[in-house]
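A.B. asks: The structure's right below; bear with me while I get my questions together.
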Amino acid sequence: KGRFTLERAQSKALRIITGAVKTTPITDMQSYTSNPVIAIEIKKKAVYSLKGRHRIEYNGRMNANQVP
């Protein structure tokens with residue numbers, strides 16, 4: 629539900645910025661304004677977050693094992 633709310637808000641903002649009518653495809657407006665697709669950005673952020681969390685957990689174990 630949250631993603632669809634973000635997509636709707638992005639669509640409205642792109643229409644205001646570009647002056648496009650409702651029949652203009654969202655992908656065309658995203659391309660014209662160099663705006664990424666929200667779903668892809670959410671997935672990227674999730675992957676980076678998981679990588680960072682894994683790195684922190686891994687470093688934590690390494691540091692704990694190094695303590696005599």
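Those letters in the sequence shown? Residues 629 to 696, by my numbering. C-beta: ideal position from N, C-alpha, C; glycine also. Bear in mind that the values here come from a model prediction, so they are computed numbers and not experimental data.
Mapping DSSP to helix, strand and coil, what is V675?
C.D. replies: Three-state result, V675: helix.
A.B. asks: In this structure, does DSSP put S763 in helix, strand or coil?
C.D. replies: Lying outside 629 to 696, the shown extent of the chain, residue 763 is not represented and no answer is given.
A.B. asks: Can you name the start and end residues of the alpha helix (DSSP H) that K640 belongs to?
C.D. replies: 630-646 is the span of the alpha helix (DSSP H), which, as asked, contains K640.
A.B. asks: Alpha carbons only, please: which of G647, T652, I666, A648 is nearest the one belonging to E635?
C.D. replies: When only C-alpha atoms are compared, the closest one is I666.
A.B. asks: Beta-carbon within less than 6 Å of S659's beta-carbon, same chain only, minus the 5 sequence neighbours each way: which residues are those?
C.D. replies: Result list for S659: empty, nothing under 6 Å.
A.B. asks: Please report the Cβ distance between T646 and T661, rounded to the nearest whole angstrom; I am assuming they are in contact, meaning their Cβ atoms lie under 8 Å.
C.D. replies: With 8 Å as the limit, T646 and T661 qualify as a contact, their Cβ atoms being about 6 Å apart.
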